[in-house]
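Okay, structure first, notes after.
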Amino acid sequence: RWDGRHGGRSHWLLQLKRAEDAIELGCVLVKLEEAVHGMQTSADVSEKPPWRHSGHAHIGKSARRFFRKDKKSSDWLVSDGKIVAYLPADGSDPALWHLAHSDGDEEDLEEGEVLFAIANAADGALEPSADEIVFMDSLAEQKRKEGNEDDDDGDDVDDDEEAEEEEDDGGESSAGSSGAVSESGTLWKSAEARARWVGVMRAPSSLHAVALGLASLKAHVVLFKPALERKPSKTQYKEASANTAQHYHANAFGATSSEASKGGEKKGTAAPRRFSPEELKALRDGHRRFAGQKGKAGGSWTSKTLETFNFHPLRTERSLLQKWEKMK
Numbered sequence: 001r002w003d004g005r006h007g008g009r010s011h012w013l014l015q016l017k018r019a020e021d022a023i024e025l026g027c028v029l030v031k032l033e034e035a036v037h038g039m040q041t042s043a044d045v046s047e048k049p050p051w052r053h054s055g056h057a058h059i060g061k062s063a064r065r066f067f068r069k070d071k072k073s074s075d076w077l078v079s080d081g082k083i084v085a086y087l088p089a090d091g092s093d094p095a096l097w098h099l100a101h102s103d104g105d106e107e108d109l110e111e112g113e114v115l116f117a118i119a120n121a122a123d124g125a126l127e128p129s130a131d132e133i134v135f136m137d138s139l140a141e142q143k144r145k146e147g148n149e150d151d152d153d154g155d156d157v158d159d160d161e162e163a164e165e166e167e168d169d170g171g172e173s174s175a176g177s178s179g180a181v182s183e184s185g186t187l188w189k190s191a192e193a194r195a196r197w198v199g200v201m202r203a204p205s206s207l208h209a210v211a212l213g214l215a216s217l218k219a220h221v222v223l224f225k226p227a228l229e230r231k232p233s234k235t236q237y238k239e240a241s242a243n244t245a246q247h248y249h250a251n252a253f254g255a256t257s258s259e260a261s262k263g264g265e266k267k268g269t270a271a272p273r274r275f276s277p278e279e280l281k282a283l284r285d286g287h288r289r290f291a292g293q294k295g296k297a298g299g300s301w302t303s304k305t306l307e308t309f310n311f312h313p314l315r316t317e318r319s320l321l322q323k324w325e326k327m328k
C-alpha cells in the first residue's frame, strides 16, 4: 500500500533499478519498510524498561560537557544542558543518563561522565579538570578497543534465508502461537528491533547484510496482519516465526552498538556512539568535498555532509564534528 507521496510505488521501483551499491539498496529497502509499517494501526512496543523522568537524584540537574576542538588541542568547546531522564542498568548494559543540551542536541551519558558533567556545572568550570581529561582519554581508548573487537567479529551472515517462500493452498490454517507478530498488529515485535534494522539498512556493510535485512522483512510481513490477504499456512507460519525469532537481540542484522536497542528513532534518544565503517568513509568524503567551501552558500561542511551521505538518522552536525576532531 503506497500513499502516493514522492511518486509512490513507481518512484520506489525506479530507485531500486538505479541502486548501484549496498548502501543505496539498503536505503531503498528502508523506504519499502516504511510503506509497510505505515499500514500499522497499533503503536510499537518497547523491549526495554522505559526511560525514567523522575526517581533519581541526577534528574533535573544542570550539566556541563567539554569537547576538544581537535585531537591534541588544549582548547575546549563548552556545552551546557540538563539531565532529563535515567535508564537503569540492564544486564551488561550500564545505566545511562539522558542529557538535553541547550542548543537542542541530545546525548546519553554513563555514570562517570554524568558525575563530571554535573560537577562542572555546579562549579562553573571553564575547562575539564585533570582527572576528567584522564577519564576522557581512558573512555576513548576503551571505545576504540571495543570498536576493533567488533570489526574482528566480521559479518558472518548466512544467505540460506533467501529460499523462496512456499505457496500453500491451505491458507485458512490459523496462526495461533502466542507472541506472534500478527496478534499484536505490529510489523516488528519491538521498537528496538525496528530501530536496529533501520539503522543497519541505512548503512549496510555489504550486500550480504542487505540480503539478511530483506529476508527478515519478508518473514515479518508474512506475520503482519494488516498486510495479509489471507492467513499464512502452517508451513509459512512456522518458517516465518523461526526466521523472525533469531533477529531479536542487540547485535541483530550486524548492529554493533547496544545503544541502538535503547534508542531507535524516537525523540529523546541518541544515535549510537560508534560510527560504522561506512559512516567514517562518508565523513572523510564529506570533509574532502565540502570543507574547502567556507563562505559559500548552503551551510557548513558538516551540514552538507549530513544531507549528501547516509548516516544514522540521529547523527547531528555536532556529533560529526566531534568525531572528525577525534580522527585528526
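All the letters of the sequence shown, read from the start, carry residue numbers 1 to 328 under the UniProt record's numbering.
Glycine included, each C-beta is placed from N, C-alpha and C at the ideal position.
If you're wondering where the values come from, they're calculated on a predicted model, not measured in any experiment.
**OP:** Would you decide whether SER138 is buried or exposed? Buried here means 16 or more other CB atoms lie within 10 Å of its CB.
**Re:** Walking along the sequence shown from the start, residue 138 turns up at place 138. SER138 is exposed by the Cβ-count criterion.
Original post:
Got a sec? Which residues, its chain only, sit under 7 Å from SER102 by beta carbon, not counting five neighbours each side?
Top reply: For the purposes of this step, residue 102 is identified with residue 102 of the sequence shown, where counting begins at 1. Contacts found: ASP80, GLY81.
**OP:** Name the residue from LEU13, GLU24, PRO50 whose alpha carbon lies nearest to the alpha carbon of ALA35.
**Re:** The residue given as residue 35 occupies position 35 in the sequence shown. The candidate whose alpha carbon is nearest that of ALA35 is LEU13.
**OP:** Answer yes or no: do VAL84 and ILE59 have a C-beta to C-beta separation smaller than 9 Å?
**Re:** Counting from 1 along the sequence shown, the entry for residue 84 is found at position 84. Counting from 1 along the sequence shown, the entry for residue 59 is found at position 59. Cβ atoms of VAL84 and ILE59: closer than 9 Å.
**OP:** Return the CA-CA distance between ALA43 and THR186, expressed in angstroms with no decimal places.
**Re:** Locating residue 43 in the sequence shown gives position 43, where the first residue counts as 1. Locating residue 186 in the sequence shown gives position 186, where the first residue counts as 1. Roughly 7 Å separates the two Cα atoms.
**OP:** Assign GLY81 to one of three DSSP states: helix, strand, or coil.
**Re:** Along the sequence shown, one-based indexing puts residue 81 at 81. The answer is strand: DSSP assigns GLY81 an E or B state.
**OP:** Helix, strand or coil for LYS266, going by three-state DSSP, please let me know.
**Re:** On the sequence shown, position 266 is the one that residue 266 refers to. Legend: pLDDT at LYS266 = 36, less than 50; position of this residue unreliable, no value from coordinates given.
Subject >> Per-residue DSSP class, three states only, for ASP108 >> reply: Sequence index remark: in the sequence shown, residue 108 carries index 108 (1-based). DSSP places ASP108 in strand when its eight states are reduced to three.
Original post:
Residues in its own chain within less than 8 Å of ARG52 by CB, not counting five upstream and five downstream?
Top reply: Working through the sequence shown from its first residue, we reach residue 52 at position 52. Closer than 8 Å at Cβ, skipping near neighbours: ILE59, ALA85, TYR86, LEU87, PRO88.
**OP:** Quick one: using the 10 Å Cβ neighbour count with 16 as the cut-off for buried, is ALA215 buried or exposed?
**Re:** As a first step, residue 215 must be located in the sequence shown, where it is residue number 215. Its Cβ being crowded by 16 or more others within 10 Å, ALA215 is buried.
Original post:
Mind checking whether HIS11 and ARG194 have CB atoms under 9 Å apart?
Top reply: Locating residue 11 in the sequence shown gives position 11, counting from the first residue. Locating residue 194 in the sequence shown gives position 194, counting from the first residue. No, Cβ-Cβ distance for HIS11 and ARG194 is not below 9 Å.
Original post:
Quick one: what's got a C-beta closer than 7 Å to PHE135's C-beta in the same chain, skipping five residues either side?
Top reply: One-based indexing of the sequence shown puts residue 135 at position 135. So the qualifying residues of the chain are GLY112, PHE116.
Original post:
Ordered along the chain, which non-local residues of its own chain (more than five positions away) have a Cβ less than 7 Å from that of LEU16?
Top reply: For this step, residue 16 is matched to residue 16 along the sequence shown. These residues qualify, in order along the chain: VAL28.
Original post:
Would you call LEU126 buried or exposed, if buried means 16 or more other Cβ atoms sit within 10 Å of its Cβ?
Top reply: Residue numbering aside, residue 126 sits at position 126 when the sequence shown is read from its first letter. Looking at its Cβ environment, which holds fewer than 16 other Cβ atoms inside 10 Å, LEU126 is exposed.
**OP:** Drop a sphere of 10 angstroms on the beta-carbon of SER92, count the other beta-carbons inside from all chains shown, and report buried for 16 or more, exposed for fewer.
**Re:** As a first step, residue 92 must be located in the sequence shown, where it is residue number 92. The residue is exposed, with fewer than 16 neighbouring Cβ atoms inside 10 Å.
Subject >> N- and C-terminal bounds of the beta strand (DSSP E) containing TRP301 >> reply: Indexing the sequence shown from 1 puts residue 301 at position 301. Run containing TRP301: none in the beta strand (DSSP E); it sits in the alpha helix (DSSP H), 301–308.
Original post:
What number of angstroms, rounded off, separates the C-alpha of PHE277 from the C-alpha of ARG202?
Top reply: Numbered from its first residue, the sequence shown carries residue 277 at position 277. Numbered from its first residue, the sequence shown carries residue 202 at position 202. Inspection of the sequence shows that residue 277 is occupied by Pro rather than by Phe. If you take the alpha carbons of PRO277 and ARG202, they lie about 12 Å apart.
Original post:
If we count the other Cβ atoms within 10 Å of its Cβ and call it buried at 16 or more, is SER54 buried or exposed?
Top reply: In the sequence shown, the residue the question calls residue 54 occupies position 54. Exposed: under 16 other Cβ atoms inside 10 Å.
**OP:** Please list, in chain order, all residues of the same chain as ALA100 whose beta carbon is under 6 Å from its beta carbon, the five residues on each side excluded.
**Re:** Mapped onto the sequence shown, residue 100 falls at position 100. Cβ within range, chain order: GLY81, LYS82, VAL84, GLU106.
**OP:** Taking residue 329 and ARG64 to be in contact with their CB atoms under 8 Å, please state how far apart those CB atoms are, rounded to whole angstroms.
**Re:** No information on residue 329 is available, as it lies outside the stretch 1 to 328 that the chain covers here.
**OP:** Going by DSSP, name the residue or residues bridged to TYR86.
**Re:** What you label residue 86 is simply residue 86 of the sequence shown in a count that begins at 1. Per DSSP, ARG52, TRP97.
**OP:** Could you spell out the range, first to last residue, of the beta strand (DSSP E) harbouring SER10?
**Re:** The residue given as residue 10 occupies position 10 in the sequence shown. Where SER10 is concerned, there is no enclosing beta strand (DSSP E), although the alpha helix (DSSP H) it sits in stretches over 8–18.
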